[in-house]
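Here's the structure, in structure tokens; my notes come after.
There are 2 protein chains.
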Amino acid sequence: MDKEAILITARCPIRTTLELLGGKWKLLILFQLHHAPFRLSALRKNIPDISEKMLIQELKSLQESGLVLRQNFGEVPPRVEYQLTAIGRQTMPLIEQMRAFALAYEEELRRNTASGQ
Amino acid sequence: MDKEAILITARCPIRTTLELLGGKWKLLILFQLHHAPFRLSALRKNIPDISEKMLIQELKSLQESGLVLRQNFGEVPPRVEYQLTAIGRQTMPLIEQMRAFALAYEEELRRNTASGQ
DNA sequence: TGCTATACTAACCTTTTTGTGTGTATGGAT
DNA sequence: ATCCATACACACAAAAAGGTTAGTATAGCA
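As you go down the protein sequences, you meet chains Z and S in turn.
For the first sequence, full-length UniProt numbering gives the first residue as 1, with consecutive numbering after it.
For the second sequence, full-length UniProt numbering gives the first residue as 1, with consecutive numbering after it.
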């Protein structure tokens, strides 16, 4: 086995993704936006336990990374919609894998509980 | 669109996975162990900037979730090896997707830089 | 005049995560 | 006797993440 090859250095793709998507909320927001563009208030309804500050903060971070697009309609009272960009949409397979993993994990838990371990 | 269906609640698979694998180090450790079982000291070499405490702490957390198996050879000085369990191995597709996403993202960055935007 | 709705800011605080530095046990080699 | 190697544990400190509360702006409506 080539142990040099697996050395984890500063610019490794896992870290890149962690920086872009890490934290408690970003993936949940992206998952929402995968369904449709949403206004801030709608996102808050769909992610009940996020605070307004976090939502705005994370949306801004996602904009800055180019994963989310902010569309301001310039109305009063304000109307702003958030939607995924092309790269933003590419987070879906990742989210799908997270889902798949969670299901497999819970299935495994059930198996172990059933067999009395 | 069925807005009820996409409401993110406390027991959602994304959150489950985030709880199991979130944080700065767990996925890097799992990625290492995907190659082969490793001793603590070897893991430290492959993940140069992790502290010993973090490594031990995260390995313990991964054991407790059933993703990693600890094998103590009972020698002196201590010899302990860590390896993936069956469910632990199921994190690979996820890691692969993270890698794929990071590459796509960087590709996109390059495209935007090249076109002067 | 005063209230509503909406997206957002800023100040401040708490909690969680991560890091540092030191100590422990022990068989074997020097 | 002394020191080494290895996998920890423990106390503490620093930094990052997350949360709460109180504003701001303004068109339209009662």
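Backbone N, C-alpha and C fix where the C-beta goes; we use that ideal spot for every residue, glycine too.
None of the values given here were measured: they were computed from a predicted structure.
How would you list, in chain order, the residues of chain Z whose beta-carbon sits under 9 Å from the beta-carbon of S/L20?
For S/L20, the chain Z residues whose Cβ falls inside 9 Å of its Cβ are F101, A102 and Y105, in order along the chain.
Does the pairing of the stretch 50 to 62 of chain S with the stretch 58 to 67 of chain Z give three or more beta-carbon distances under 8 Å?
Fewer than three Cβ pairs drawn from the stretch 50 to 62 of chain S and the stretch 58 to 67 of chain Z lie within less than 8 Å of each other, which leaves the two stretches out of contact.
Proximity of Z/F101 and S/T113 at Cβ, strictly below 8 Å:
no
Would you kindly check if the distance between the Cβ of S/T17 and the Cβ of Z/M98 is under 8 Å?
For Z/M98 and S/T17, yes; Cβs fall inside 8 Å.
Give the DSSP-derived three-state secondary structure of Z/R79 in the structure shown.
coil
At a Cβ threshold of 8 Å, is S/K24 touching chain Z?
S/K24 counts as touching chain Z.
Could you tell me the distance, in whole angstroms, from the CA atom of S/K53 to the CA atom of Z/L27?
28 Å
Runs of alpha helix (DSSP H) lying entirely within the UniProt domain "HTH hxlR-type" (12 to 110) of chain S, each at least 4 residues, in chain order:
13 to 21, 26 to 35, 40 to 46, 52 to 64 and 86 to 89
Sequence-distant residues of its chain with Cβ nearer than 6 Å to Z/L30 (five each side left out)
Excluding residues within five positions, the ones whose Cβ falls inside 6 Å are T91.
Below 8 Å on the Cβ atoms is my guess for S/V80 versus S/R15; work out the distance and round it to an integer in Å.
About 31 Å separates the CB atoms of S/V80 and S/R15; that is not less than 8 Å, and the two are not in contact.
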